[in-house]
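A short worksheet on the structure shown next.
Residue numbers (the numbering used here): 1 to 959.
See the structure below:
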């Protein structure tokens with residue numbers, strides 16, 4: 001598609017966009033939940049060095065939200081973690097892909113290289129300082145447990161989301177059945193918390209939260225979620241937290257399990273009814289516990305549909321009509337929101353810079369009587385095109401459909417086939433009435449039985465479920481964004497649990513009917529349940545491997561912590577370093593292949609293998625033989641319609657297992673080829689993008705399948721047809737407009753293009769900061785960061801660029817505008833860079849050009865204008881060197897304490913100035929990324945040692 005596009009119906013699209021912008025809230029104003037003290041973090045990128053073909057590591061410095069381990073290390077500096085300046089390096093594998101599109105794995109040579117550098121790789125995602133392992137071993141003495149749970153300690157917490165010494169009650173979470181009897185709720189990953197608990201005051205309101213709790217010295221680790229519950233009060237009526245015994249993992253897991261009422265005999269083992277309350281155990285703890293909140297569900301969220309739903313319902317006329325309706329509705333919504341300009345409006349809601357460009361284009365259009373298209377700005381077009389490609393992918397294999405997102409919680413007081421949730425006003429109506437049907441499922445979806453149709457229960461109409469209600473100003477209601485299930489539906493039906501799983505819920509009657517038409521993997525079993533819980537090995541060589549071992553005397557490879565010498569065995573390094581999960585992604589597409597070929601028993605075999613691969617991350621799994629699983633004679637059905645495979649386990653050291661104990665994918669691929677007559681996946685799953693990305697380039701059309709298809713193929717073909725028609729109706733070429741002279745003309749000024757090679761223009765460009773900004777952005781993009789981290793760094797650079805541009809005069813800014821556009825006209829190979837520079841030079845907050853055009857904007861505070869930013873930052877650095885502030889991050893948080901003259905000079909108290917605060921935050925992000933001086937010397941030195949040691953080893957040994 002050309003970037004010169006315009007709304008075909010001639011509607012005032014920019015005016016519509018501007019109306020949407022009136023409700024925009026800038027990212028920098030979304031402070032609720034941000035950390036009070038961001039921390040210095042290390043982001044590692046593992047890539048392939050082109051010259052040698054060997055792996056290489058580089059580490060970038062960044063500012064981010066701390067993980068729980070960072071919080072603990074700082075708290076235990078005086079006793080256990082002294083000298084550990086870089087506790088964790090977050091690792092991203094960007095090594096080259098092979099012929100199958102798979103990246104080279106984190107191999108043993110990379111794992112050994114990290115160990116030589118004093119780090120231990122966890123799951124291919126994080127590197128921890130190996131001196132932390134003796135502390136971890138207090139909680140996870142076995143390497144398999146460490147591999148399963150330690151990495152979560154490095155996951156970032158939400159803002160204000162770290163706590164210590166919180167009182168917690170360990171107990172059984174109970175419910176009530178329809179007879180009024182107390183029963184075990186069935187929860188195995190969820191606890192409860194009072195809605196008025198002080199935790200919620202810190203994070204902004206009561207809602208379900210995902211947590212990690214750790215007592216590093218006693219070795220107690222708790223994971224899962226906490227759900228608001230009015231029952232959570234202590235003996236004096238004060239709000240407290242309840243943790244279920246089954247949430248405890250690691251060394252004390254078996255002890256905690258033994259205290260669970262299901263084991264003590266407090267509950268009847270068959271009915272779950274409380275029969276001996278005197279056998280219930282409780283324990284109140286808190287001192288020495290650290291808690292981190294990883295996630296909170298406090299607002300409406302949606303989940304996109306994908307191919308996993310469509311391939312598991314019947315490909316019939318009714319469902320085809322529904323798919324056409326879903327895709328048509330999605331495209332109509334795109335049109336109603338302004339088409340490509342609507343995408344731009346959405347992208348600009350949290351981006352003030354994009355907003356200014358939109359208003360700039362509109363003002364020029366008004367003054368000159370020509371259409372100045374904001375989509376012609378290259379970096380604006382890149383934003384829109386990227387989002388468009390994602391929308392097209394969603395349309396192709398998910399029909400553009402979205403459903404509401406809820407957090408799943410187990411409560412066996414809820415009858416099977418039902419769901420308890422809050423009333424919701426959505427789409428102009430109240431939804432989820434008592435007795436109404438809803439469609440429910442979750443991802444990853446493994447079996448068609450995960451497509452559930454459940455009946456809603458209003459807990460206010462069922463007395464035995466009143467404990468699911470919380471008191472609010474609006475009366476008794478279920479906690480927001482929580483859905484309560486019986487374990488028969490969540491665990492057996494959807495292969496889920498309640499430690500943070502989210503489910504998709506939809507009230508649309510068409511979706512409900514579609515879910516009722518799920519396919520049967522064995523004829524006549526549409527209503528049956530397949531139990532595919534993997535077999536677990538109680539003891540194996542893996543379960544005997546210790547996380548680390550204390551030795552009498554130092555040897556090669558050992559390390560000292562305190563007065564002791566420790567070593568990590570090669571077996572432990574392998575267990576810790578490799579991704580514990582099996583080949584889930586590959587098996588998912590093989591399952592899709594079998595479903596498209598209507599080989600449903602083979603798809604059922606894949607479903608079992610996928611579940612085994614998922615569970616391998618936390619347990620030692622007995623793998624199955626896919627050939628046996630695909631034979632219906634090896635499945636048995638009980639009287640209640642539950643199916644289980646019998647005698648399908650593979651030989652422990654047989655050909656179906658690889659060296660890591662996972663499914664041997666080379667042999668599996670050979671078996672698939674034999675079963676399908678050498679049919680290639682790419683020739684059947686033709687709805688998948690050629691690039692392998694979750695994006696569809698405009699104009700990329702699905703090829704016909706050589707053999708077999710299902711509703712996903714129909715959806716993709718529907719999208720191709722309807723998208724072509726939509727483009728014809730909604731997009732056309734916009735006229736080319738020469739922009740170089742238009743802006744000076746609109747301002748009534750005469751400005752000529754400078755010689756771009758002249759010394760005076762090069763000096764002007766250097767003064768503007770534009771070349772430096774471009775170089776810094778290229779450097780950031782080459783760091784291979786996750787999008788969120790990358791965008792935060794680029795935003796910081798943009799803020800600093802704007803601060804520099806504010807020092808230029810109107811004539812200087814117009815000179816850049818005219819010159820860069822003129823260069824772009826005569827040197828099209830660099831057009832994108834030149835046009836981007838031109839627009840950045842004039843469209844920023846406080847720009848005299850925008851002011852002249854009459855564009856309303858927030859004028860920046862002048863306190864840090866000119867050289868004020870650098871001077872004030874130096875002042876903050878002095879407070880660190882003099883011991884007034886702990887480090888530069890804390891100094892920036894407390895900046896207002898050092899700006900006593902702010903109110904006198906600009907009329908506003910420093911602690912009320914968002915502009916200065918945000919500018920200083922951007923400055924510190926840039927400083928951390930680029931500076932090698934100051935209090936970060938230990939950090940920088942440690943990172944350099946890790947990179948040098950690992951790279952030298954990897955260039956010799958490979959991966």
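Ideal Cβ positions, reconstructed from N, Cα and C, are used throughout, including at glycine.
Below 6 angstroms CB to CB, which residues in the same chain sit around residue i once its five sequence neighbours on both sides are set aside?
| i | result |
| --- | --- |
| residue 820 | 834, 837 and 838 |
| residue 825 | none |
| residue 960 | Outside the modelled stretch of the chain, which goes from 1 to 959, sits residue 960, for which no answer is possible. |
| residue 118 | 130 |
| residue 708 | 596, 597 and 684 |
| residue 529 | 449, 492 and 642 |
| residue 515 | 439, 451 and 453 |
Just to confirm, are residue i and residue j a CB contact at a threshold of 9 angstroms?
| i | j | result |
| --- | --- | --- |
| residue 572 | residue 546 | yes |
| residue 676 | residue 601 | no |
| residue 548 | residue 136 | yes |
| residue 737 | residue 372 | yes |
| residue 193 | residue 240 | yes |
| residue 54 | residue 959 | yes |
| residue 133 | residue 120 | yes |
| residue 157 | residue 251 | no |
| residue 822 | residue 768 | no |
Go through its chain and collect everything with a Cβ distance to residue i's Cβ below 8 angstroms, but skip five positions before and after it.
| i | result |
| --- | --- |
| residue 716 | 396, 397, 686, 687 and 702 |
| residue 390 | 694 and 695 |
Return the CA-CA distance between residue i and residue j, expressed in angstroms with no decimal places.
| i | j | result |
| --- | --- | --- |
| residue 584 | residue 309 | 17 angstroms |
| residue 488 | residue 507 | 21 angstroms |
| residue 464 | residue 486 | 14 angstroms |
| residue 950 | residue 700 | 42 angstroms |
| residue 698 | residue 385 | 9 angstroms |
| residue 114 | residue 497 | 35 angstroms |
| residue 952 | residue 578 | 21 angstroms |
| residue 680 | residue 673 | 8 angstroms |
| residue 543 | residue 653 | 17 angstroms |
| residue 557 | residue 44 | 23 angstroms |
| residue 924 | residue 82 | 25 angstroms |
| residue 798 | residue 407 | 37 angstroms |
| residue 829 | residue 366 | 31 angstroms |
Could you check where the beta strand (DSSP E) with residue i kicks off and where it finishes?
| i | result |
| --- | --- |
| residue 93 | 88-94 |
| residue 243 | 241-244 |
| residue 454 | 452-457 |
| residue 642 | 642-645 |
| residue 475 | 475-478 |
To which residues of the same chain is residue i closer than 7 angstroms at the C-beta, ignoring the five residues directly before and after it?
| i | result |
| --- | --- |
| residue 281 | 259 and 264 |
| residue 247 | 189, 191, 222, 223 and 224 |
| residue 86 | 42, 129, 939, 942 and 943 |
| residue 587 | 606, 609, 610 and 613 |
| residue 921 | 892 |
| residue 590 | 606 and 672 |
| residue 639 | none |
By DSSP's criteria, residue i is part of a beta bridge. Which residues make up the other side?
| i | result |
| --- | --- |
| residue 622 | 535 |
| residue 129 | 119 |
| residue 212 | 223 and 292 |
| residue 408 | 483 |
| residue 162 | 292 |
| residue 657 | 663 |
| residue 191 | 226 |
| residue 403 | 303 |
| residue 1032 | Since the first residue shown for the chain is 1 and the last is 959, residue 1032 is missing from the structure and cannot be characterised. |
| residue 170 | 243 and 283 |
| residue 74 | DSSP, once it has assigned bridges, lists no residue as partnering residue 74. |
| residue 561 | 564 |
Start and end of the alpha helix (DSSP H) containing residue i?
| i | result |
| --- | --- |
| residue 289 | No alpha helix (DSSP H) holds residue 289; DSSP gives it neither H nor E. |
| residue 904 | 902-906 |
| residue 146 | 143-149 |
| residue 398 | 378-398 |
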